[in-house]
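*Asks:* Before I ask anything, let me first share the structure, which is written out below as structure tokens.
Number of protein chains: 2
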Amino acid sequence: MNSKKPLILISNDDGYQSNGIRTLVSFLTDFADVVVCAPEAGRSGFSCAFSVVDYLLLKKRHNIPDCEVWSCTGTPVDCVKLALDQILVDRKPDLILGGINHGDNSSVNNHYSGTMGIAYEGCMKYIPSIAFSSCDYDPNADLSYLRDYVRLIVKKVLTDSLPKGVCLNVNFPKVEKFAGLKVCRMGWGSWTREVEACKHPRGFDYYWMTGHYRNDEPDATDNDQWALAHGYVTVTPSKIDVTDYEVLDKMKTWESL
Amino acid sequence: MNSKKPLILISNDDGYQSNGIRTLVSFLTDFADVVVCAPEAGRSGFSCAFSVVDYLLLKKRHNIPDCEVWSCTGTPVDCVKLALDQILVDRKPDLILGGINHGDNSSVNNHYSGTMGIAYEGCMKYIPSIAFSSCDYDPNADLSYLRDYVRLIVKKVLTDSLPKGVCLNVNFPKVEKFAGLKVCRMGWGSWTREVEACKHPRGFDYYWMTGHYRNDEPDATDNDQWALAHGYVTVTPSKIDVTDYEVLDKMKTWESL
Chain A
1 MNSKKPLILI SNDDGYQSNG IRTLVSFLTD FADVVVCAPE AGRSGFSCAF SVVDYLLLKK
61 RHNIPDCEVW SCTGTPVDCV KLALDQILVD RKPDLILGGI NHGDNSSVNN HYSGTMGIAY
121 EGCMKYIPSI AFSSCDYDPN ADLSYLRDYV RLIVKKVLTD SLPKGVCLNV NFPKVEKFAG
181 LKVCRMGWGS WTREVEACKH PRGFDYYWMT GHYRNDEPDA TDNDQWALAH GYVTVTPSKI
241 DVTDYEVLDK MKTWESL
Chain B
1001 MNSKKPLILI SNDDGYQSNG IRTLVSFLTD FADVVVCAPE AGRSGFSCAF SVVDYLLLKK
1061 RHNIPDCEVW SCTGTPVDCV KLALDQILVD RKPDLILGGI NHGDNSSVNN HYSGTMGIAY
1121 EGCMKYIPSI AFSSCDYDPN ADLSYLRDYV RLIVKKVLTD SLPKGVCLNV NFPKVEKFAG
1181 LKVCRMGWGS WTREVEACKH PRGFDYYWMT GHYRNDEPDA TDNDQWALAH GYVTVTPSKI
1241 DVTDYEVLDK MKTWESL
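Protein chains in written order, with our numbering: chain A, 1 to 257; chain B, 1001 to 1257.
Printed below as a string of structure tokens:
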């Protein structure tokens, strides 16, 4: 790979065989070299988790046209780390992408998302990084209508880069026609009724994680929840430095406790 | 549990049998009711991951004096969710604690840490939450010398609470005598050389995640890296809202692309 095209590393949390990652690759191969390193199977909700104890395997795959594909037994973050260390040895990627995720990662889902984990990992390696997610949870959804916005955002970031320590959380509403693009903050929301208790045929209790999302700012019009509900593509610049500087200043009094 | 003592829920990412969690409980039971719900075994590096697909089991344990102990087959975040939904049905905790972790969670480790995952989860449930971690990686280290600072910080938060959407990342240096307490930002650092490739006896390659931490701000004196290296206990207020508002303002021009 000594082309003059930019090099894009792509991972996801739905697995290397998912529809979303194949669609994302298809949007980019005419102007970029693309390498995929993605989990063997679904790793939704894996956040920034990486494999501290387990060993990892990499396998070359051939399921997506026009790009090099690897699957990894680990988490989305493992995929990025392994790709940078073992696959892209001679050439650092110009951009790292997560997605397209089947399911949105707006609001507090930012924290649970393996797709965002990929973007955070790239960002911690000082490489411009973007997570793409769709509000359409159907794993077989036709996502080809996201093409124009994905290409626009990718090309913009390849041209302008991103500030140090900031990656993008991009979410697409499930609509016939987009209302436009909104650069907006993440909204406040909560997952409620998150556990479904069941009885095993052998008599013991077991539990599934589930949940119902509650918008905790139903009147706000400046966050990703409002924008997605009104048909906008949302772009939320998300920070690695999670320090709350305002609170830090106020808490300085603790130093003399 | 109808006592007038505050109720503290504790989890960790080293497992319910770890030394750190037992030590933390022992610091608190004279003034608080304590319930532990922690992973069956080590879940280091699990970040905010939760179990989207796998079922979970809870087991009552009896290994820590003066408190109710449960082990869970899932992640640290699963432990918090299950405890709130299934164990603490009649009484919401006044405080959620993660730790004491065997290994520090300063700098970018904030993002990978299961101990911080516990604090973020509590914070997303609008419950004051603190992660405690020690720079001593020895799982058998005597952590009893952290008692005074842990009690001071816990009592301060029980009295004053914490602002909405902010939890505390507290790290202890491994020193004979603490220099004091610093409320400080997270430092910038990177993990490098993160993969060790090995050859399996059956001929294929496999990989371990490892890594060497590099301080990317060696001259800074206002971050957790400096403070820990100089013997201070560090307190970093960490935010749920990861939106970068400065970058957001600048990126508003994207809306007319």
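Quick reminder that beta carbons are idealized off the backbone N, C-alpha and C, glycines included.
When you compare the CB positions of B:M1186 and B:S1107, do they come within less than 7 Å of one another, or not?
*Replies:* Here residue 1186 of chain B is taken as the residue at index 186 of the second sequence, counted from 1. Here residue 1107 of chain B is taken as the residue at index 107 of the second sequence, counted from 1. Result yes, Cβ atoms of B:M1186 and B:S1107 sit closer than 7 Å.
*Asks:* To which residues of the same chain is B:V1275 closer than 7 Å at the C-beta, ignoring the five residues directly before and after it?
*Replies:* For residue 1275 of chain B there is no data in the structure shown, the boundaries of chain B being 1001 and 1257.
*Asks:* With three or more beta-carbon pairs closer than 8 Å as the criterion, would you say the region 80-87 of chain A touches the region 147-155 of chain A?
*Replies:* no
*Asks:* May I have the straight-line CA-CA distance separating A:A131 from A:L257, to the nearest angstrom?
*Replies:* Along the first sequence, one-based indexing puts residue 131 of chain A at 131. Along the first sequence, one-based indexing puts residue 257 of chain A at 257. C-alpha separation (whole angstroms): 42 Å.
*Asks:* Taking C-alpha atoms, which residue in B:W1191, B:Y1207, B:T1192 lies nearest to B:C1198?
*Replies:* If you number the second sequence from 1, residue 1198 of chain B lands on position 198. Ranking B:W1191, B:Y1207, B:T1192 by Cα distance to B:C1198 puts B:Y1207 first.
*Asks:* Taking 7 Å as the threshold (beta carbon to beta carbon), is B:Y1145 in contact with chain A?
*Replies:* In the second sequence, residue 1145 of chain B corresponds to position 145, counting from 1. B:Y1145 has a beta carbon lying at 7 Å or more from every beta carbon in chain A.
*Asks:* Kindly indicate the opening and closing residues of the beta strand (DSSP E) around A:G189.
*Replies:* Taking the first residue of the first sequence as position 1, residue 189 of chain A is located at position 189. Unbroken beta strand (DSSP E) run through A:G189: 189-192.
*Asks:* Looking at the C-beta of A:Q86, does it have a partner C-beta in chain B at a distance below 7 Å?
*Replies:* Translated into the one-based positions of the first sequence, residue 86 of chain A becomes position 86. For A:Q86, a Cβ of chain B is located within less than 7 Å of the residue's own Cβ.
*Asks:* The beta strand (DSSP E) spanning B:D1224 covers which residue range?
*Replies:* On the second sequence, position 224 is the one that residue 1224 of chain B refers to. Here B:D1224 belongs to no beta strand (DSSP E); instead the alpha helix (DSSP H) covers 1224-1229.
*Asks:* Since B:I1130 is in the beta strand (DSSP E), which residue starts that stretch and which ends it?
*Replies:* Along the second sequence, read from residue 1 onward, the residue named residue 1130 of chain B stands at position 130. Note, B:I1130: beta strand (DSSP E), 1129-1134.
*Asks:* Taking just the CA atoms, how far does B:Y1137 sit from B:V1247?
*Replies:* Counting from one through the second sequence, the residue named residue 1247 of chain B turns up at place 247. Counting from one through the second sequence, the residue named residue 1137 of chain B turns up at place 137. Their Cα atoms are separated by approximately 37 Å.
*Asks:* So, is the C-beta of B:D1244 closer than 7 Å to a C-beta in chain A?
*Replies:* Residue numbering aside, residue 1244 of chain B sits at position 244 when the second sequence is read from its first letter. Yes, contact with chain A.
*Asks:* Which residue from B:N1169, B:D1160, B:K1004 puts its Cα closest to that of B:N1223?
*Replies:* Here the question's residue 1223 of chain B lines up with position 223 in the second sequence. Nearest to B:N1223 by C-alpha distance, out of B:N1169, B:D1160, B:K1004, is B:N1169.
*Asks:* Ignoring anything shorter than 3 residues, give me the beta strand (DSSP E) runs that lie fully in the region 65-144 of chain A, in order along the chain.
*Replies:* 68-72, 95-102, 129-134
*Asks:* Can you pull the chain A neighbours of B:T1236, defined as C-beta to C-beta under 7 Å?
*Replies:* The residue labelled residue 1236 of chain B in the question sits at position 236 within the second sequence. By Cβ distance, chain A contributes T243.
*Asks:* What would DSSP say about B:M1209, mapped onto helix, strand or coil?
*Replies:* Position 209 of the second sequence, counted from the first residue, corresponds to residue 1209 of chain B. In the structure shown, B:M1209 sits in a strand (DSSP, three-state: E or B).
*Asks:* Of all the options B:I1118, B:D1013, B:N1019, B:D1094, which has the alpha carbon lying nearest to the alpha carbon of B:S1238?
*Replies:* In the second sequence, the residue the question calls residue 1238 of chain B occupies position 238. The candidate whose alpha carbon is nearest that of B:S1238 is B:I1118.
*Asks:* Measure the alpha-carbon distance for A:N110 versus B:V1242 and round it to whole angstroms.
*Replies:* If you number the first sequence from 1, residue 110 of chain A lands on position 110. If you number the second sequence from 1, residue 1242 of chain B lands on position 242. Cα to Cα, the separation comes out at about 9 Å.
*Asks:* Let's test the definition: count the other Cβ atoms within 10 Å of the Cβ of A:N12 and tell me whether it reaches 16, buried, or not, exposed.
*Replies:* Here residue 12 of chain A corresponds to residue number 12 of the first sequence, with the count starting at 1. Classification for A:N12: buried.
*Asks:* Taking Cβ-Cβ distances shorter than 7 Å, what residues in chain B pair up with A:N110?
*Replies:* In the first sequence, the residue the question calls residue 110 of chain A occupies position 110. Under the 7 Å cutoff, chain B gives V1242.
*Asks:* Tell me where the alpha helix (DSSP H) around A:R61 begins and ends.
*Replies:* In the first sequence, residue 61 of chain A corresponds to position 61, counting from 1. Where A:R61 is concerned, there is no enclosing alpha helix (DSSP H), although the beta strand (DSSP E) it sits in stretches over 58-61.
*Asks:* Could you have a look at A:F27 and say whether DSSP puts it in helix, strand or coil?
*Replies:* Here residue 27 of chain A is taken as the residue at index 27 of the first sequence, counted from 1. Of the three classes helix, strand and coil, the one that applies to A:F27 here is helix, per DSSP.
*Asks:* Are the CB atoms of A:Y112 and A:S51 within a distance shorter than 7 Å?
*Replies:* Here residue 51 of chain A corresponds to residue number 51 of the first sequence, with the count starting at 1. Here residue 112 of chain A corresponds to residue number 112 of the first sequence, with the count starting at 1. Their beta carbons are not under 7 Å apart, which means A:S51 does not touch A:Y112 by this criterion.
*Asks:* State yes or no: is the C-beta of B:A1220 within less than 7 Å of the C-beta of B:K1182?
*Replies:* Translated into the one-based positions of the second sequence, residue 1220 of chain B becomes position 220. Translated into the one-based positions of the second sequence, residue 1182 of chain B becomes position 182. Not a contact, by the Cβ cut-off of 7 Å.
*Asks:* Output the distance between the C-alpha atoms of B:R1061 and A:P65, rounded to the nearest integer angstrom.
*Replies:* Counting from one through the second sequence, the residue named residue 1061 of chain B turns up at place 61. Counting from one through the first sequence, the residue named residue 65 of chain A turns up at place 65. Inter-residue distance for B:R1061 and A:P65 is about 52 Å (C-alpha atoms, whole angstroms).
*Asks:* Check whether the Cβ of A:D54 sits closer than 6 Å to any heavy atom of the ligand SAM, and report yes or no.
*Replies:* The ligand SAM is not among the ligands present in this structure, which contains no ligands whatsoever.
*Asks:* What residues from the region 155-166 of chain A come within 9 Å of chain B, judged by C-beta to C-beta, listed N to C?
*Replies:* K156, L162, P163, K164, G165, V166
*Asks:* In this structure, how does DSSP classify B:I1153 when only helix, strand and coil are distinguished?
*Replies:* If you number the second sequence from 1, residue 1153 of chain B lands on position 153. In this structure, B:I1153 counts as helix in the three-state DSSP scheme.
*Asks:* Taking A:D241 as part of the beta strand (DSSP E), name the residues at either end of that continuous run.
*Replies:* Within the first sequence, residue 241 of chain A is the residue found at index 241, counting from 1. Careful: A:D241 lies outside any beta strand (DSSP E) and carries neither H nor E.
*Asks:* Have a look at B:T1234, B:R1193, B:I1127 and flag the residue whose alpha-carbon is nearest the alpha-carbon of B:V1157.
*Replies:* The residue given as residue 1157 of chain B occupies position 157 in the second sequence. Of the candidates B:T1234, B:R1193, B:I1127, the one whose C-alpha sits nearest the C-alpha of B:V1157 is B:I1127.
*Asks:* In whole angstroms, give me the CA-to-CA distance for A:N140 and A:N19.
*Replies:* Looking up residue 140 of chain A in the first sequence gives position 140. Looking up residue 19 of chain A in the first sequence gives position 19. Cα to Cα, the separation comes out at about 6 Å.
*Asks:* What residues in the region 32-62 of chain A have a beta carbon less than 8 Å from any beta carbon of chain B?
*Replies:* G42, S44, G45, F46, S47, C48, A49, F50, S51, V52, V53, Y55, L56, L57, L58
*Asks:* Comparing C-alpha positions only, which one of A:P93, A:C184, A:S161, A:N101 sits nearest to A:G15?
*Replies:* Within the first sequence, residue 15 of chain A is the residue found at index 15, counting from 1. The shortest Cα separation from A:G15 among A:P93, A:C184, A:S161, A:N101 belongs to A:N101.
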